[in-house]
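Chemist: Residue numbering for the sequence shown follows this note's numbering, starting at 78 and increasing by one per position.
For glycine and all other residues, C-beta sits at the position ideal for the given N, C-alpha and C.
My questions all concern the structure below.
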Amino acid sequence: MRNRWWAAPIMAGGAALLAACGSSGSPSASSSHTNAAPPSVSTTPQSNASSATIMTHSTSKGTVLTNAQGRTLYWFAIDTFTKSNCTGSCLTYWPPVTGTAVAGSGVTLMHGFGTITRSDGSVQATYEGHPLYTYIGDSAPGQINGNGKNLSGGLWWAMTPSGAKLAGAAAPKSSPSSGGGGGYGY
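As C-alpha coordinates, this is what we get:
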(Lines of atoms letter the chains of each structure in order from A and count residues from 1; the text may use other names and numbers.)
(Lines give C-alpha, C1' and ligand atoms only; values in the text may rest on other atoms or scores of the structure.)
Protein backbone atom coordinates (compact mmCIF):
# COMPACT_ATOMS: atom_id res chain seq x y z
CA MET A 1 0.00 0.00 0.00
CA ARG A 2 2.77 2.44 0.72
CA ASN A 3 3.98 2.44 -2.99
CA ARG A 4 0.58 3.30 -4.49
CA TRP A 5 1.24 7.06 -4.37
CA TRP A 6 3.38 6.83 -7.56
CA ALA A 7 0.98 4.66 -9.60
CA ALA A 8 -1.62 7.36 -10.36
CA PRO A 9 0.85 9.99 -11.70
CA ILE A 10 2.65 7.39 -13.83
CA MET A 11 -0.62 6.02 -15.26
CA ALA A 12 -1.90 9.55 -16.00
CA GLY A 13 1.41 10.55 -17.59
CA GLY A 14 1.53 7.35 -19.65
CA ALA A 15 -2.03 7.91 -20.90
CA ALA A 16 -1.17 11.48 -21.91
CA LEU A 17 1.95 10.27 -23.72
CA LEU A 18 0.01 7.58 -25.58
CA ALA A 19 -2.69 10.07 -26.53
CA ALA A 20 -0.09 12.48 -27.90
CA CYS A 21 1.63 9.75 -29.92
CA GLY A 22 -1.58 8.27 -31.26
CA SER A 23 -3.22 11.45 -32.49
CA SER A 24 -1.17 12.05 -35.63
CA GLY A 25 -4.21 12.63 -37.85
CA SER A 26 -3.95 13.31 -41.54
CA PRO A 27 -2.51 16.42 -43.14
CA SER A 28 -4.91 19.28 -43.62
CA ALA A 29 -6.32 20.00 -47.05
CA SER A 30 -4.76 23.46 -46.96
CA SER A 31 -1.22 22.21 -46.50
CA SER A 32 1.14 22.85 -49.38
CA HIS A 33 3.84 20.61 -50.75
CA THR A 34 7.29 21.45 -49.49
CA ASN A 35 10.53 19.56 -49.54
CA ALA A 36 9.47 17.84 -46.32
CA ALA A 37 7.50 14.60 -46.68
CA PRO A 38 3.80 14.65 -45.77
CA PRO A 39 3.42 13.11 -42.31
CA SER A 40 1.05 10.25 -43.12
CA VAL A 41 2.51 8.98 -46.41
CA SER A 42 4.63 5.86 -46.60
CA THR A 43 7.93 6.16 -48.45
CA THR A 44 7.91 2.50 -49.47
CA PRO A 45 5.93 0.81 -52.22
CA GLN A 46 2.33 0.12 -51.24
CA SER A 47 2.71 -3.68 -51.20
CA ASN A 48 4.09 -6.66 -53.01
CA ALA A 49 0.68 -7.17 -54.58
CA SER A 50 0.46 -9.95 -57.11
CA SER A 51 -1.58 -7.88 -59.56
CA ALA A 52 -2.45 -4.28 -60.36
CA THR A 53 -5.70 -3.62 -62.21
CA ILE A 54 -5.17 -1.07 -64.98
CA MET A 55 -8.12 0.83 -66.44
CA THR A 56 -8.69 3.94 -68.56
CA HIS A 57 -10.34 7.21 -67.59
CA SER A 58 -11.25 10.28 -69.59
CA THR A 59 -9.75 13.57 -68.34
CA SER A 60 -9.96 17.18 -69.49
CA LYS A 61 -6.81 16.59 -71.60
CA GLY A 62 -7.60 13.11 -72.97
CA THR A 63 -7.73 9.45 -71.94
CA VAL A 64 -5.21 8.16 -69.39
CA LEU A 65 -4.41 4.86 -67.75
CA THR A 66 -5.53 4.57 -64.13
CA ASN A 67 -5.32 2.16 -61.23
CA ALA A 68 -8.41 0.32 -59.89
CA GLN A 69 -9.37 3.41 -57.82
CA GLY A 70 -9.36 5.61 -60.95
CA ARG A 71 -6.15 7.45 -60.02
CA THR A 72 -4.06 8.55 -63.01
CA LEU A 73 -0.87 6.60 -63.71
CA TYR A 74 2.36 8.44 -64.50
CA TRP A 75 5.81 7.71 -65.91
CA PHE A 76 9.10 9.33 -64.93
CA ALA A 77 11.26 10.57 -67.81
CA ILE A 78 14.56 9.53 -66.18
CA ASP A 79 13.52 5.90 -65.56
CA THR A 80 14.85 3.19 -67.85
CA PHE A 81 13.24 0.02 -69.17
CA THR A 82 14.84 -1.93 -66.32
CA LYS A 83 15.16 0.54 -63.45
CA SER A 84 13.05 2.99 -61.47
CA ASN A 85 14.96 6.15 -60.57
CA CYS A 86 12.27 7.23 -58.11
CA THR A 87 13.64 6.25 -54.69
CA GLY A 88 13.78 7.68 -51.19
CA SER A 89 11.71 10.83 -50.73
CA CYS A 90 10.52 10.63 -54.35
CA LEU A 91 8.34 7.67 -53.34
CA THR A 92 6.50 9.89 -50.88
CA TYR A 93 4.95 11.81 -53.75
CA TRP A 94 5.04 9.15 -56.51
CA PRO A 95 4.02 5.73 -55.11
CA PRO A 96 4.89 2.93 -57.55
CA VAL A 97 2.17 0.71 -59.01
CA THR A 98 3.16 -2.67 -57.61
CA GLY A 99 2.40 -6.08 -59.07
CA THR A 100 1.69 -7.46 -62.52
CA ALA A 101 -0.77 -5.47 -64.66
CA VAL A 102 -4.23 -6.96 -65.18
CA ALA A 103 -6.69 -5.51 -67.73
CA GLY A 104 -9.61 -3.65 -66.20
CA SER A 105 -12.37 -1.46 -67.59
CA GLY A 106 -11.48 0.20 -70.89
CA VAL A 107 -8.25 -1.74 -71.46
CA THR A 108 -8.51 -4.07 -74.46
CA LEU A 109 -4.87 -4.92 -75.19
CA MET A 110 -2.26 -5.98 -72.67
CA HIS A 111 0.68 -6.14 -75.10
CA GLY A 112 2.46 -3.09 -73.67
CA PHE A 113 2.45 -4.18 -70.02
CA GLY A 114 5.37 -5.70 -68.13
CA THR A 115 7.20 -5.47 -64.82
CA ILE A 116 10.54 -4.55 -63.32
CA THR A 117 12.01 -5.54 -59.99
CA ARG A 118 12.71 -2.52 -57.78
CA SER A 119 15.87 -2.24 -55.67
CA ASP A 120 13.81 -3.25 -52.58
CA GLY A 121 12.74 -6.50 -54.33
CA SER A 122 9.13 -5.46 -55.01
CA VAL A 123 7.62 -5.84 -58.47
CA GLN A 124 6.52 -2.66 -60.27
CA ALA A 125 4.12 -2.62 -63.23
CA THR A 126 5.31 -1.02 -66.48
CA TYR A 127 3.64 0.11 -69.69
CA GLU A 128 5.52 0.52 -72.95
CA GLY A 129 8.73 0.11 -70.90
CA HIS A 130 7.87 2.90 -68.44
CA PRO A 131 7.57 2.01 -64.73
CA LEU A 132 4.16 3.25 -63.49
CA TYR A 133 3.34 5.50 -60.52
CA THR A 134 0.44 7.40 -59.00
CA TYR A 135 0.76 10.99 -57.71
CA ILE A 136 -0.07 12.03 -54.16
CA GLY A 137 -1.37 15.38 -55.51
CA ASP A 138 -4.29 13.62 -57.26
CA SER A 139 -7.06 13.24 -54.71
CA ALA A 140 -9.87 12.01 -56.98
CA PRO A 141 -10.34 9.98 -60.18
CA GLY A 142 -9.71 11.92 -63.38
CA GLN A 143 -7.22 14.38 -61.90
CA ILE A 144 -3.93 14.87 -63.76
CA ASN A 145 -2.13 17.23 -61.37
CA GLY A 146 1.23 15.46 -61.86
CA ASN A 147 1.27 15.80 -65.66
CA GLY A 148 4.24 17.84 -66.90
CA LYS A 149 5.68 18.33 -63.39
CA ASN A 150 9.43 18.71 -63.08
CA LEU A 151 9.97 17.07 -59.68
CA SER A 152 12.37 14.61 -58.06
CA GLY A 153 15.01 15.18 -60.71
CA GLY A 154 12.95 14.83 -63.88
CA LEU A 155 9.70 15.30 -65.75
CA TRP A 156 6.52 13.32 -65.01
CA TRP A 157 3.86 12.50 -67.59
CA ALA A 158 0.39 10.98 -67.36
CA MET A 159 0.38 7.59 -69.12
CA THR A 160 -1.92 7.40 -72.13
CA PRO A 161 -3.14 4.15 -73.76
CA SER A 162 -0.89 4.92 -76.76
CA GLY A 163 2.14 5.64 -74.55
CA ALA A 164 2.37 9.18 -75.98
CA LYS A 165 2.40 12.33 -73.86
CA LEU A 166 -1.05 13.55 -72.88
CA ALA A 167 -2.64 16.03 -75.33
CA GLY A 168 -1.66 19.61 -74.57
CA ALA A 169 1.30 18.53 -72.44
CA ALA A 170 4.44 20.49 -73.14
CA ALA A 171 7.73 20.48 -71.33
CA PRO A 172 7.99 23.36 -68.85
CA LYS A 173 10.05 26.29 -70.14
CA SER A 174 12.41 25.85 -67.21
CA SER A 175 13.27 22.25 -68.10
CA PRO A 176 16.87 21.57 -68.98
CA SER A 177 17.69 20.83 -72.58
CA SER A 178 18.26 17.20 -73.33
CA GLY A 179 21.93 16.58 -73.73
CA GLY A 180 23.70 13.47 -74.92
CA GLY A 181 22.88 10.16 -73.24
CA GLY A 182 20.24 9.16 -70.75
CA GLY A 183 17.25 10.33 -72.82
CA TYR A 184 16.00 6.83 -73.65
CA GLY A 185 13.59 8.34 -76.16
CA TYR A 186 11.01 9.24 -73.55
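Classify Asn222 as buried or exposed, calling it buried when 16 or more other Cβ atoms lie within 10 Å of its own Cβ.
Modeler: Exposed: under 16 other Cβ atoms inside 10 Å.
Chemist: With distances taken Cα to Cα, identify the nearest neighbour of Ser196 among Lys226, Trp234, Pro208 and Ser161.
Modeler: The shortest C-alpha separation from Ser196 is found at Ser161.
Chemist: By Cβ distance below 7 Å, which residues in the same chain neighbour Ser128 in space, the five residues on each side in sequence not counted?
Modeler: Correct list, in chain order: Gly176, Thr177 and Val179.
Chemist: Quick one: residues in its chain with C-beta nearer than 6 Å to the C-beta of Leu243, no 5 flanking neighbours on either side, listed in chain order?
Modeler: Closer than 6 Å at Cβ, skipping near neighbours: Lys138, Gly139, Asn224, Ala235 and Thr237.
Chemist: Just list the residues that DSSP pairs Tyr210 with in beta bridges.
Modeler: Tyr151 and Pro173, per the DSSP bridge assignment.
Chemist: Helix, strand or coil: how does DSSP classify Leu168 here?
Modeler: In this structure, Leu168 counts as helix in the three-state DSSP scheme.
Chemist: Rounded to whole angstroms, what's the CA-CA distance from Tyr212 to Asn144? Just pull it up for me.
Modeler: In a straight line, the C-alpha of Tyr212 is about 11 Å away from that of Asn144.
Chemist: If I follow the unbroken beta strand (DSSP E) through Leu232, where does it start and stop?
Modeler: Residues Gly231 to Ala235.
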